[in-house]
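Position 38 (the sequence shown) corresponds to 79 in our numbering; numbering is contiguous.
In this text, a Cβ means the ideal position worked out from N, Cα and C, and glycines have one as well.
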Amino acid sequence: MSRWYGFKFDVRGEHHLDDIGPCVLVCNHQNTLDLVVAPKPLRRGTVSIGKKSLKWIPVFGLFYWITGNIMIDRKNSNKAADTLNQAAEEMMTKKLSVWMFPEGTRSYGRGLLPFKTGAFRLAKQVGVPIVPVCVSDTHELVNLNRWNNGVVPIEVLPPVYIDNDADIRKVANEIHDQMAATIARITHEVKGKS
């Protein structure tokens, strides 16, 4: 599908996903094209957690649900917590990895937004690592009227294991800062070539 949008990918650090088993992958969320760009380094046995309203998108919503992805009601904290508990159970019984956008919404060129803590709580609950996935800023570089939108660097960072006594907010902030620095670096590479 990425060819239709004129993207080529330079995926780095994929070796961080080798032999780690189930994990929670966190990725920056820029725009709707992330559904084409961000999954590039994902492995089989990975599902995503997305907002419940995705089910109303014609064709896509049905496909999203049928393929085992998990829908979360972000407006109801009790239901959201139940959904994360369901995800934890599925991760343990089916040996799944989960892919999430911890910003909780698209940034539309505003940089990496503050993280919500659900992904980090999930990783801690299941006892799996967080794997940060950084996609260069595509917000102003993409023109759907051309065949070649260039190369999109994607960098998979080393897994982060969360201690049982860790402060989840602190862990989320540290990973946020690490991802922000990586995104700035790989975006600079792309903008320097254009």
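Check your understanding: What residue does the beta strand (DSSP E) around Thr87 start on, and which one ends it?
Key -> Translated into the one-based positions of the sequence shown, residue 87 becomes position 46. The continuous beta strand (DSSP E) containing Thr87 extends over residues 87–92.
Review point. So Leu66 is in the beta strand (DSSP E); what residue range does that whole segment cover?
Key: Locating residue 66 in the sequence shown gives position 25, where the first residue counts as 1. It spans 65–68 - the beta strand (DSSP E) in which Leu66 sits, taken as one unbroken run.
Point to revise | As assigned by DSSP and simplified to three states, the class of Ser138 | key: The sequence position of residue 138 within the sequence shown is 97, counting from 1. The three-state secondary structure of Ser138, taken from DSSP, is strand.
Review point. Do you know how far the Cα of Leu137 is from the Cα of Ser177?
Key: The residue you call residue 177 lines up with position 136 of the sequence shown. The residue you call residue 137 lines up with position 96 of the sequence shown. The alpha-carbon atoms of Ser177 and Leu137 are separated by roughly 26 Å.
Review point. So, are the CB atoms of Glu196 and Arg53 less than 8 Å apart?
Key: As a working mapping, residue 196 is identified with position 155 in the sequence shown. As a working mapping, residue 53 is identified with position 12 in the sequence shown. Contact flag set, yes.
Exercise for review: Would you mind sorting Thr134 into buried or exposed? The rule is 16 or more other CB atoms within 10 Å of its CB.
Suggested key: The residue you call residue 134 lines up with position 93 of the sequence shown. Classification for Thr134: exposed.
Practice item. Starting from Lys165, trace the alpha helix (DSSP H) both ways and give me its first and last residue. Key: On the sequence shown, residue 165 is found 124 positions in, with the first residue counted as 1. Judged by DSSP secondary structure, Lys165 falls within the alpha helix (DSSP H) whose first and last residues are 159–167.
Point to revise | Coil, strand or helix - Met42 by DSSP | key: One-based indexing of the sequence shown puts residue 42 at position 1. The predicted model places Met42 with a pLDDT of 44, which falls under 50 and marks its position as unreliable, so this point remains unresolved.
Practice item. Return the CA-CA distance between Pro200 and Ile171, expressed in angstroms with no decimal places. Key: Against the sequence shown, residue 200 aligns to sequence position 159. Against the sequence shown, residue 171 aligns to sequence position 130. Pro200 and Ile171: Cα-Cα distance of roughly 6 Å.
Practice item. Give the range of the beta strand (DSSP E) segment to which Phe50 is assigned. Key: Here the question's residue 50 lines up with position 9 in the sequence shown. Its beta strand (DSSP E) spans residues 49–53.
Check your understanding: Out of Ile224, Ala122, Leu198, which has the shortest C-alpha to C-alpha gap to Asp59?
Key -> Locating residue 59 in the sequence shown gives position 18, where the first residue counts as 1. It is Leu198.
Check your understanding: If we call anything under 8 Å between Cβ atoms a contact, is Met141 one with Pro173?
Key -> Here residue 141 corresponds to residue number 100 of the sequence shown, with the count starting at 1. Here residue 173 corresponds to residue number 132 of the sequence shown, with the count starting at 1. Not in contact: Met141 and Pro173 (Cβ atoms no closer than 8 Å).
Check your understanding: Taking the continuous beta strand (DSSP E) assigned at Glu243, which residues delimit it?
Key -> This structure leaves residue 243 out entirely; the chain is present only between 42 and 235.
Review point. In chain order, what residues of the same chain lie with their CB nearer than 6 Å to the CB of Tyr202, ignoring the 5 residues before and after it?
Key: Locating residue 202 in the sequence shown gives position 161, where the first residue counts as 1. Exclusion of the five residues before and after Tyr202 leaves Pro170 as the residues of its chain whose Cβ lies within less than 6 Å of its Cβ.
Point to revise | Cβ neighbours of Ala213 in the same chain (closer than 6 Å, five flanking residues each side left out) | key: Position 172 of the sequence shown, counting from 1, holds the residue named residue 213. Excluding positions up to five away in sequence, the list reads Phe156, Thr158, Phe161.
Check your understanding: According to DSSP, which residues form a beta bridge with Pro173?
Key -> Against the sequence shown, residue 173 aligns to sequence position 132. The beta-bridge partner set that DSSP reports for Pro173 consists of Val67.
Check your understanding: Can you tell me where the beta strand (DSSP E) with Ile203 in it begins and where it stops?
Key -> In the sequence shown, the residue the question calls residue 203 occupies position 162. Ile203 -> no beta strand (DSSP E), and no H or E assigned at all.
Exercise for review: Helix, strand or coil for Ile113, going by three-state DSSP, please let me know.
Suggested key: Looking up residue 113 in the sequence shown gives position 72. Residue state for Ile113 is assigned as strand, using DSSP reduced to three classes.
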